[in-house]
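A.B. asks:
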Amino acid sequence: MEEQTEHKYLPNYLEYRGKYKGLAGWLTTTDHKRIGLLYFYSMMVFFLAGVVMGILMKLELISPGEQIMGAQVYNGLFTLHGLTMIFLFVIPGVAAVYGNFFLPILIGAKDVSFPRLNLMSWYLYIIGAIVVLTSQFMGDGPPDTGWTFYAPYSLKTQTNVVAAVTGAFILGFSSILTGLNFIVTMHRLRAPGMGWLRMPLFAWALYGTGWIQLLATPIVGITFLMVIAERLLGIGFFDPAIGGDPILYQHLFWIYSHPAVYIMILPAMGAITEIIPTFARKTIFGYTAIVISSMAIAFVGYFVWGHHMFTSGMSSTSRWVFSLLTFLVAIPSAIKVFNWTATLYKGSINIKTPFLWAICFIFVFMIGGFSGLVLGSLATDIHVHDTAFVVAHFHYIVFGGTGFAFFAALHYWYPKMFAKVYNPKIANLGLFIFFVGFNLLYFPMFYLGMIGMPRRYYDYLPMFHNANILSTIGSWIMATGLLIVIINLVRARRGTGKEVNDPWDGKTLEWTIASPPIVENFEEIPVVDHGPYEY
Amino acid sequence: MSDEKIHISPYKSHIMVLLGLIVLTVITVLITSVEMGPYNTTAAMIIASIKGAIVLLYFMHLRFDQKIYGIMVAIVVAIFAAVIVVTFFDYLYR
Amino acid sequence: METITTHQHADLHRDDTAAKLGMWLFIFTEILLFGGLFIVYSVYRFKNPVAFELAHEELSITMGFINTIILLVSSATVAISITAMQKNDRKITLAMLGITLLLALVFLINKYFEWGGKFEHGMYPGSELMKNLSNGDMLFFSLYFFMTGLHGVHILIGMILLGITLVKVKTGAVNSGKYALLENSGLYWHLVDLIWIFLFPLFYLIH
Amino acid sequence: MYSGASNFVSATDTAFVVVIGISVIFLVGITLTMLWFVYRYNKKRNPVATQIHGSNTLEVVWTVIPTILVLVMFFYGWAGYSPMRNAPENAMKIRANARMWSWLFEYENGIKTDTLYVPLDKAVALDLISLDVIHSLYIPAFRVKEDMVPGKTNKMWFIAQKAGNYELFCTEYCGLSHSYMFTEVKVLPQPEFDVWYARMADTTLQKEAAKIPGVRGRQIVQTNGCLACHSADGSKLIGPTFKGIYGHTVVVNTDGREREIVVDDEYITRSIYEPDSDVVKGYTKGMMISYKQQLNDADIAEIIEYLKTLK
Ligand code: HEA
Ligand code: HEA
Ligand code: CUA
Ligand SMILES: [Cu+2]
Chain A
164 MEEQTEHKYL PNYLEYRGKY KGLAGWLTTT DHKRIGLLYF YSMMVFFLAG
214 VVMGILMKLE LISPGEQIMG AQVYNGLFTL HGLTMIFLFV IPGVAAVYGN
264 FFLPILIGAK DVSFPRLNLM SWYLYIIGAI VVLTSQFMGD GPPDTGWTFY
314 APYSLKTQTN VVAAVTGAFI LGFSSILTGL NFIVTMHRLR APGMGWLRMP
364 LFAWALYGTG WIQLLATPIV GITFLMVIAE RLLGIGFFDP AIGGDPILYQ
414 HLFWIYSHPA VYIMILPAMG AITEIIPTFA RKTIFGYTAI VISSMAIAFV
464 GYFVWGHHMF TSGMSSTSRW VFSLLTFLVA IPSAIKVFNW TATLYKGSIN
514 IKTPFLWAIC FIFVFMIGGF SGLVLGSLAT DIHVHDTAFV VAHFHYIVFG
564 GTGFAFFAAL HYWYPKMFAK VYNPKIANLG LFIFFVGFNL LYFPMFYLGM
614 IGMPRRYYDY LPMFHNANIL STIGSWIMAT GLLIVIINLV RARRGTGKEV
664 NDPWDGKTLE WTIASPPIVE NFEEIPVVDH GPYEY
Chain B
12 MSDEKIHISP YKSHIMVLLG LIVLTVITVL ITSVEMGPYN TTAAMIIASI
62 KGAIVLLYFM HLRFDQKIYG IMVAIVVAIF AAVIVVTFFD YLYR
Chain C
6 METITTHQHA DLHRDDTAAK LGMWLFIFTE ILLFGGLFIV YSVYRFKNPV
56 AFELAHEELS ITMGFINTII LLVSSATVAI SITAMQKNDR KITLAMLGIT
106 LLLALVFLIN KYFEWGGKFE HGMYPGSELM KNLSNGDMLF FSLYFFMTGL
156 HGVHILIGMI LLGITLVKVK TGAVNSGKYA LLENSGLYWH LVDLIWIFLF
206 PLFYLIH
Chain D
386 MYSGASNFVS ATDTAFVVVI GISVIFLVGI TLTMLWFVYR YNKKRNPVAT
436 QIHGSNTLEV VWTVIPTILV LVMFFYGWAG YSPMRNAPEN AMKIRANARM
486 WSWLFEYENG IKTDTLYVPL DKAVALDLIS LDVIHSLYIP AFRVKEDMVP
536 GKTNKMWFIA QKAGNYELFC TEYCGLSHSY MFTEVKVLPQ PEFDVWYARM
586 ADTTLQKEAA KIPGVRGRQI VQTNGCLACH SADGSKLIGP TFKGIYGHTV
636 VVNTDGRERE IVVDDEYITR SIYEPDSDVV KGYTKGMMIS YKQQLNDADI
686 AEIIEYLKTL K
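Residue numbers (this note's numbering), protein chains in the order written: chain A, 164 to 698; chain B, 12 to 105; chain C, 6 to 212; chain D, 386 to 696.
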C-alpha cells in the first residue's frame, strides 16, 4: 500500500486512498500515522470510560454509607477503572499514539520497520480490550480483585477473573510488539547522518521504554498464564493451601508492574523534553545527561519492584535493599527535572498552551515523585502503604505525569497531526480549571492517607468525611476542565484547515514537513548534520 | 538486503558442535548420577550454561555476527540473573 | 555502532538485518517468558528441596535424555540447512529442514507418551491424585506440566515456522539471495533447544 | 503527628518530617525558579535566547546532592523501621487471626475476642495469621502495619504508650466487605487489663452465661465473625440471614442439583463444617470457609441454641 505515487501532488495521510476507502482503509492501514490515530481514538474512548468510573467512585465516596452503589459494584468499578487506565490508557499511552505518529518522522524515516506488525499490535490491543470488557458481562460478574490480581483472592473469587487476566495478557503482547518495532526502527531507519546522539530525546525515551516493554512484560504474561492455569486446570502455583507462596505472586507481578510505571512515564518525559526547548527557543540543557538518565531509569527501574511489598512479609534484607534501590531510581528523574528547569534559563520563552501544560506537568510530577519518596522510605511506607496516600501518589504521577504529558503532547502536535488550529484561550482556560480540579481532587487524599484511610474502601468512618467531600468536589471541577479541553479540540478538528507547517517554530524534523504529513512523510529522506535542537 | 558480510559456517563445524553438545549431555547425566550433594545441581547448571553458550555462539551465530547482538544477549542474561538474585534476597533471608 | 547509522533503504520492505534484529528481540522476550517460570521453579525448589528431589524420580531420565539428543540434533540440522542455503544447495536445505521437522515430531510423540504415562496413572492437572499430593510434589508436577507444556507449544510454533519455510524454499520464495526467513526460523528453533537444555537437568536430573 | 501512641510513632514521624521537609524545600524552590525563569526570560523581556548546551559541573552537582539527600532519607526510613522487626523476648504474645471480614484475637490463656485488648506500656507481639486470603493489620495511631498471608505467619510488635481506643483496619483488599473489616484496639492500664484478662478467662462466667439459652452461642457467633456475613435482623448480607433460619425450608444446590431442605441440627453442622457441600440458592460458593479448625460440636450446639432464639 505504500507504493510511492508518481504524481507531483503527494496526498497527505488523511486523504490518501489505498486499496480500500473509508473505514476499511483505516482498519487495513499500515501507515504509522494512521495507526497512531487509531490508537488515539480508541484510547480516548477507554480513557473517558475510565474517567466516568472514577467520577462514580468519587460520588460514592462523598459520604459514609451507601450512596449510589453497593460494595460489590464499587469493587468491580475500581478494578475495571484501574485496568482500563493502566492497561488501556497509560501503558500504551504516549508511546503508542505519539510514538507511532512521530517516531519515524523524528528520525527521518518513512515508516516503522515492521508496518504490518504495527497494525497487528493495534489489533491485539483492541482484542485485549474487548476481552477485558467481556469480563464485565460474562461469567459470574465483573472481576473484583483490583488491577493487581493478588493471589489467593484472585484464585478464590467467583467473579470472572480469567477473562480480565487473559485480556491483560493479550494487551501485554501488543505492548511488547510495539516496543520491539520501535527499537528495530531506531536501529535501522535513522536518516543518514543521524547518529545515536543526534536523535531527538523523545526517541531516546521510546528506546528505553521499548527495552522495558520487551524485558518486563513477558514476566507478567507468564504470571497471568499461571493464574489462568490455576483457575481453570487447578494446577497450583500460588494457593497457600497447596504450598504455593502468595508473596511470590507479588514478586512476579511487580517485577513487571514497577518497570511498567516507567513504561508510562518515560515517553511522557520524552514528550515534555520536546516541548520545553521549542518554547524556550533554546537548545536542551544537558542532552547527554537526559539520554543517560532515560536509560538509567529503564535499568534501575527494573530492580525496585519490592517497594510495593514492604509490608508483605518479605525478608528484612529485601526490604532495605529495595528501599535503597528505590531511592536511587529517583535520581535520574531529578536530573531530568533539573535539566528542564535549566533549559528555561536565558531562554526566550513563548508562553503557549503546550508549554503551560508542560509546566503544570513538571509541578504535579514533582508532587507525585516526592510522595513516591515518602513511599520508598521504610518507616513511612509502613504507615501509608495501601492507604489513600498511595492512591494520591499514583494519581499525581500517573494522571498528573503521563496524563498531563499526553495532553501537552496533544496540544503541541495537534496542528501537525490535523493541520487545524485550536482556540488557545479556551484551551488555557480548560487547563486552568483542570489543574485546579486536579489538585483539589487528589491532594486531600494525601491527608486522608496520613490519618489512616485505607484504599479500596467502599465505605469509611466519619473521621474521613471532610477531606472526601473536598475531593469529590474536585472531581467535578476537573471534569469541567477536561470537558472544555476536549470540546475545544473537537471543535478545532471540525473547523477549517490552516497552513500550519511549523506553528511553534520547532527545530526537529517533524516541523520541516507538511501538515498533515504526506503518506511516507518525506518527499526525500533528509540528511541530518546537526543535533536535534539547534536554535 | 543484509548489509553484513556473510560468514558461512562449514558443515563440519556444525557436526563438531553437535558432537560436543552430545558429549556434554552425557557428562551431565553421568555427573548427576554420582552423589555430590548440593554440587550436583551446580555442576548440572554449569554444564547447561556451557551448552547454552555453545548454542548461542555457534548455532545462533553470535560469534560471527555483529557485536551488537552479543552485547544485547549479555545484557539480557545479566538482567535476568540480577532479577533472580534480587528475588532471592527475600527467600534466602526470610 | 555508528557504522549502521546510514542504512536507510529506498526499499522499505526488505531489510533483512531489521528482521533478524526483530527476531532476536522477540527471542529475548521469550527468554524472559520462560525466565518467569525459572524464577518460580527456583523459589519452590529452594523451599521444598526434598520433595523436588523425590518427585523427579517419577520422571524417566531415558525419555528426557532421548528428547535432549533429538533437540540437539535437530538444532544442528537447522544450522546445516542454513549453511546449505548459503552455499545454494537447495536439496540439502530441504532435506535438513525435513529431518528437523521429523525430529520435532518425534520429540512431540515422545512427550505424548511421557505425559500419557502420567495421565494413565491418574496424574494430570486437576486430577484427584494430584490434589492429594503433598505440597512439594504438587508444585513440582504443576511446574513440570506447565513448563514442558509451554515448551511443547513452542515446539509447535517452531514447527509451523519451519514448515512455512520449507514450503517457501520449495517454491523458491526463500533462496540463497533471500533467506532471512530461514535464518529467523532457525534462530527460533535454537531458542526452543536452548530452553530445553535448561529444562532437562532441572526436571530430570535433580539430585 | 508525634502523638506518642506507640513506641514507633516518634521515629516514623521523624522520617516523615525529613522526607517531606526536604521534598517541600525542593518543590517550592524548583517551582519558584521555574516561575521566575518564565517571567524573567519571557519572549518580551528576553527576545533572543542564549544557547547553552549544558554544563558538566552542574550535572555532577545535581546528581550528587540529591544522591546524598536520598541516602539521608533512606537512613531515617530505615532507622524508624528496623526496630519494628525485633520484638523483645518478654513481649506478651497474641495470635491475631484474620478471615474474610473479621478479626479474632487469641491470648495465651485461651481467651478469644474480636477486639484487641492490650496493656499499657508493655510490649505486645502479634502472630499474624490469615485463614483465607491476604489481609493486613493496620493500626494508624501506632504506625504499624503488616500483611496477614495465608500459609505464613508474619509478625508485628509494639508498645502502646497511651491508654485509649484506636482504630484497627484491614488494609489489604480482601473482597466484598474489606471496608467493614474494622475493629478497635483498646489500650488499658495494666491493672484494668489484668482485671479484664482474668474475667474473660473465668469459665464459670461462661457457664453462667450458658444457662440462658443462646447467650453463649451469640458470643461464639460474634467472636468468630459470622455476623460479618449473616445478619440477625433479616437483612441480606453476603450470606443468608440467621433470622428465622431454624426449622425453615431452604433451597440448596448440592453438587449441581437443586433440592429443598429443612434447616435442622445436622444441616447447620454441615453448613459450618463443609459450607460448600450445600450452597444456598442465590449465594456464592466458596465465600464461607470451613470452621472445622475453629469450632467443635459443643460450640455448634450453642450456636444452634442461639439460632433457635432468632424467630
Ligand atoms: C507513572 C507512573 C509512576 C511513576 C513514574 C512512579 C514513580 C515513583 N514511585 Fe510510584 N507508583 C505508581 C506509579 C508511578 N510511580 C503506581 C501506579 C503505584 C501504585 C500501584 C498500586 O498499588 O496499585 C505506585 C506505588 C508506589 C509505591 C508503593 C506504595 C505502596 O503500595 O506502599 C512506592 C514505594 O516506594 C512508589 C515509589 C515511587 C518512587 C520513589 C518513584 C520515583 O521514580 C519518583 C522520582 C521523582 C522525583 C523524586 C521528583 C523529581 C525530582 C526532583 C524535583 C529533584 C529533587 C529530588 C530529590 C532531592 C531526590 N510508588
Ligand atoms: C491513568 C491512570 C488513572 C487516571 C487518569 C485516573 C483517573 C481517576 N481516578 Fe483513578 N485509579 C487508577 C488510575 C487512574 N485513575 C488506578 C491504577 C487505580 C487503582 C485501582 C485499584 O485499586 O486496583 C485507581 C483508583 C482510584 C480510586 C481508588 C479506589 C479505592 O481505592 O477505593 C479512586 C477513588 O476515588 C479513583 C478516582 C479517580 C478519578 C475521580 C479519576 C478521574 O479521571 C478524575 C478526573 C475526571 C475527569 C477528568 C472527568 C472528565 C469528564 C468528562 C470527560 C465528561 C464526562 C463526565 C461525566 C458525564 C461525569 N481512582
Ligand atoms: Cu481483610 Cu481487607
Ligand atoms: Cu513501583
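Every residue gets a Cβ at the ideal spot worked out from N, C-alpha and C, and that includes glycine.
Computed from a prediction, not measured in an experiment: that's the story for all the values here.
Tell me whether the beta-carbon of residue 623 of chain A lies closer than 8 Å to the beta-carbon of residue 564 of chain D.
C.D. replies: Indexing the first sequence from 1 puts residue 623 of chain A at position 460. Indexing the fourth sequence from 1 puts residue 564 of chain D at position 179. Yes.
A.B. asks: Relative to ligand 4, what is the chain-ordered list of residues with a Cβ closer than 6 Å to any of its non-hydrogen atoms?
C.D. replies: Cβ-based neighbours of ligand 4 within the cut-off: A/421, A/424, A/470, A/471.
A.B. asks: Hey, residue 448 of chain D and residue 494 of chain A: beta-carbon distance below 8 Å or not?
C.D. replies: As a first step, residue 448 of chain D must be located in the fourth sequence, where it is residue number 63. As a first step, residue 494 of chain A must be located in the first sequence, where it is residue number 331. Contact: yes.
A.B. asks: If you check the beta carbons only, do residue 205 of chain A and residue 462 of chain D fall under 8 Å apart?
C.D. replies: Position 42 of the first sequence, counting from 1, holds the residue named residue 205 of chain A. Position 77 of the fourth sequence, counting from 1, holds the residue named residue 462 of chain D. Not a contact, by the Cβ cut-off of 8 Å.
A.B. asks: Nearest to residue 76 of chain C by alpha carbon, out of C/195, C/35, C/133, C/60?
C.D. replies: Here residue 76 of chain C corresponds to residue number 71 of the third sequence, with the count starting at 1. Comparing Cα positions, the closest option is C/195.
A.B. asks: Is it right to say residue 693 of chain A is buried, meaning 16 or more other beta carbons lie within 10 angstroms of its own, or is it exposed?
C.D. replies: Taking the first sequence and counting its residues from 1, the one referred to as residue 693 of chain A is at position 530. With fewer than 16 Cβ atoms within 10 Å of its Cβ, residue 693 of chain A is classed as exposed.
A.B. asks: Would you kindly work out how many angstroms separate the C-alpha atoms of residue 441 of chain A and residue 279 of chain A, rounded to a whole number?
C.D. replies: Sequence index remark: in the first sequence, residue 441 of chain A carries index 278 (1-based). Sequence index remark: in the first sequence, residue 279 of chain A carries index 116 (1-based). Roughly 33 Å between the two C-alpha positions.
A.B. asks: Just the Cα atoms here: how many angstroms apart are residue 607 of chain D and residue 630 of chain D?
C.D. replies: The count along the fourth sequence starts at 1 and reaches residue 607 of chain D at position 222. The count along the fourth sequence starts at 1 and reaches residue 630 of chain D at position 245. Whole-angstrom Cα-Cα distance: 17 Å.
A.B. asks: Helix, strand or coil: which one does DSSP assign to residue 220 of chain A?
C.D. replies: Mapped onto the first sequence, residue 220 of chain A falls at position 57. Of the three classes helix, strand and coil, the one that applies to residue 220 of chain A here is helix, per DSSP.
A.B. asks: In whole angstroms, give me the CA-to-CA distance for residue 448 of chain A and residue 671 of chain A.
C.D. replies: Within the first sequence, numbered from 1, the residue matching residue 448 of chain A stands at position 285. Within the first sequence, numbered from 1, the residue matching residue 671 of chain A stands at position 508. Taking the straight line from one Cα to the other gives about 16 Å.
A.B. asks: May I have the straight-line CA-CA distance separating residue 166 of chain A from residue 260 of chain A, to the nearest angstrom?
C.D. replies: By 1-based counting over the first sequence, the position of residue 166 of chain A is 3. By 1-based counting over the first sequence, the position of residue 260 of chain A is 97. Note that residue 166 of chain A scores a pLDDT of 44, beneath 50, so its modelled location is shaky and nothing firm can be said.
A.B. asks: Check each residue's C-beta against every heavy atom of ligand 3 and list, in chain order, those closer than 5 Å.
C.D. replies: With the cut-off at 5 Å, the residues found are D/520, D/555, D/559, D/563, D/566.
A.B. asks: Using a Cβ-Cβ cutoff of less than 8 Å, which residues in the same chain neighbour residue 364 of chain A once the five nearest sequence positions on both sides are dropped?
C.D. replies: Within the first sequence, numbered from 1, the residue matching residue 364 of chain A stands at position 201. Closer than 8 Å at the Cβ level, and outside the excluded window around residue 364 of chain A, lie 433, 436, 437, 447, 450, 453, 454, 457, 695.
A.B. asks: Please go through the same chain and pick out, in chain order, the residues whose beta-carbon is closer than 6 Å to the beta-carbon of residue 585 of chain D, but skip the five residues on each side of it.
C.D. replies: Position 200 of the fourth sequence holds residue 585 of chain D. Cβ neighbours of residue 585 of chain D beyond the five flanking positions: 496.
A.B. asks: At a CB-CB cut-off below 9 Å, which residues of chain A make contact with residue 547 of chain D?
C.D. replies: Counted from its first residue, the fourth sequence places residue 547 of chain D at position 162. By Cβ distance, chain A contributes nothing, its closest Cβ being about 16 Å from residue 547 of chain D, past 9 Å.
A.B. asks: Please confirm whether residue 69 of chain C and residue 193 of chain C have their CB atoms less than 8 Å apart.
C.D. replies: The residue given as residue 69 of chain C occupies position 64 in the third sequence. The residue given as residue 193 of chain C occupies position 188 in the third sequence. Result no, Cβ atoms of residue 69 of chain C and residue 193 of chain C do not sit closer than 8 Å.
A.B. asks: Measuring only the C-alpha atoms, how far is residue 169 of chain C from residue 26 of chain C?
C.D. replies: Working through the third sequence from its first residue, we reach residue 169 of chain C at position 164. Working through the third sequence from its first residue, we reach residue 26 of chain C at position 21. Approximately 20 Å, taken between the alpha carbons.
A.B. asks: What whole-angstrom Cβ distance do residue 674 of chain D and residue 660 of chain D have, given they're in contact under 8 Å?
C.D. replies: For the purposes of this step, residue 674 of chain D is taken as residue 289 along the fourth sequence, with counting starting at 1. For the purposes of this step, residue 660 of chain D is taken as residue 275 along the fourth sequence, with counting starting at 1. Yes, they are in contact, since the Cβ atoms of residue 674 of chain D and residue 660 of chain D sit about 7 Å apart, within 8 Å.
A.B. asks: If the criterion is Cβ atoms closer than 8 Å, does the pair residue 601 of chain A and residue 571 of chain A meet it?
C.D. replies: Taking the first sequence and counting its residues from 1, one reaches residue 601 of chain A at position 438. Taking the first sequence and counting its residues from 1, one reaches residue 571 of chain A at position 408. No.
A.B. asks: Return the chain-ordered list of same chain residues with a C-beta closer than 6 Å to the C-beta of residue 575 of chain A, the five sequence neighbours on each side being excluded.
C.D. replies: Start at 1 with the first residue of the first sequence, and residue 575 of chain A comes out as number 412. 438, 517.
A.B. asks: Name, in chain order, the residues that DSSP records as bridge partners for residue 482 of chain D.
C.D. replies: Numbered from its first residue, the fourth sequence carries residue 482 of chain D at position 97. Paired residue(s): D/489, D/514.
A.B. asks: In the DSSP assignment, what residue or residues form a beta bridge with residue 549 of chain D?
C.D. replies: As a working mapping, residue 549 of chain D is identified with position 164 in the fourth sequence. D/572, per the DSSP bridge assignment.
A.B. asks: Quick one: residues in its chain with C-beta nearer than 6 Å to the C-beta of residue 699 of chain A, no 5 flanking neighbours on either side, listed in chain order?
C.D. replies: Any answer about residue 699 of chain A is impossible in this case: the structure gives chain A only from 164 up to 698.
A.B. asks: Reducing DSSP to helix, strand and coil, say where residue 521 of chain D ends up.
C.D. replies: Here residue 521 of chain D corresponds to residue number 136 of the fourth sequence, with the count starting at 1. Here residue 521 of chain D sits in strand by DSSP.
A.B. asks: Report all residues from its chain with a CB closer than 6 Å to the CB of residue 627 of chain A; omit the five preceding and five following residues, and keep chain order.
C.D. replies: By one-based count along the first sequence, residue 627 of chain A stands at place 464. The answer, listed in chain order, is 611, 616.
A.B. asks: Count the other CB atoms, across all protein chains shown, that sit within 10 Å of the CB of residue 27 of chain B; report buried if there are 16 or more and exposed otherwise.
C.D. replies: Position 16 of the second sequence holds residue 27 of chain B. So residue 27 of chain B counts as exposed.
A.B. asks: Helix, strand or coil: which one does DSSP assign to residue 701 of chain A?
C.D. replies: Residue 701 of chain A lies beyond the residue range present for chain A, which begins at 164 and ends at 698; the question has no answer from this structure.
A.B. asks: Under a three-way DSSP split, which group does residue 530 of chain D fall into?
C.D. replies: Mapped onto the fourth sequence, residue 530 of chain D falls at position 145. Residue 530 of chain D falls in the strand class under three-state DSSP.
A.B. asks: Ignore the nearest five residues each way along the sequence and tell me which others in residue 150 of chain A's own chain have a CB closer than 6 Å to its CB.
C.D. replies: Since the displayed chain A opens at 164 and closes at 698, residue 150 of chain A lies outside it and no answer follows.
A.B. asks: Answer yes or no: do residue 344 of chain A and residue 295 of chain A have a C-beta to C-beta separation smaller than 8 Å?
C.D. replies: As a first step, residue 344 of chain A must be located in the first sequence, where it is residue number 181. As a first step, residue 295 of chain A must be located in the first sequence, where it is residue number 132. No, these two residues do not count as a Cβ contact at 8 Å.
A.B. asks: When every heavy atom of ligand 2 is checked, does at least one fall within less than 7 Å of the C-beta of residue 99 of chain B?
C.D. replies: For this step, residue 99 of chain B is matched to residue 88 along the second sequence. No, the beta carbon of residue 99 of chain B sits no closer than 7 Å to any heavy atom of ligand 2.
A.B. asks: Please work out which residues of its chain come closer than 6 Å, Cβ to Cβ, to residue 292 of chain A, disregarding the five sequence neighbours upstream and downstream, and give them in chain order.
C.D. replies: Residue numbering aside, residue 292 of chain A sits at position 129 when the first sequence is read from its first letter. Only 251 meet the Cβ criterion.
A.B. asks: Could you pull out every residue in the same chain whose Cβ sits closer than 7 Å to the Cβ of residue 500 of chain D, ignoring the five residues on either side in sequence?
C.D. replies: Within the fourth sequence, the letter at position 115 stands for residue 500 of chain D. So the qualifying residues of the chain are 568, 569, 571.
A.B. asks: Taking only beta carbons into account, state which residues of the segment 331-353 of chain A come closer than 7 Å to chain C, listed in chain order.
C.D. replies: Hits within the stretch, in order: 339, 343, 346, 347, 350, 351, 352, 353.
A.B. asks: So residue 542 of chain D is in the beta strand (DSSP E); what residue range does that whole segment cover?
C.D. replies: As a first step, residue 542 of chain D must be located in the fourth sequence, where it is residue number 157. Its beta strand (DSSP E) spans residues 539-544.
A.B. asks: Name the two residues that bound the continuous beta strand (DSSP E) containing residue 635 of chain D.
C.D. replies: In the fourth sequence, counting from the first residue as 1, residue 635 of chain D sits at position 250. It spans 634-639 - the beta strand (DSSP E) in which residue 635 of chain D sits, taken as one unbroken run.
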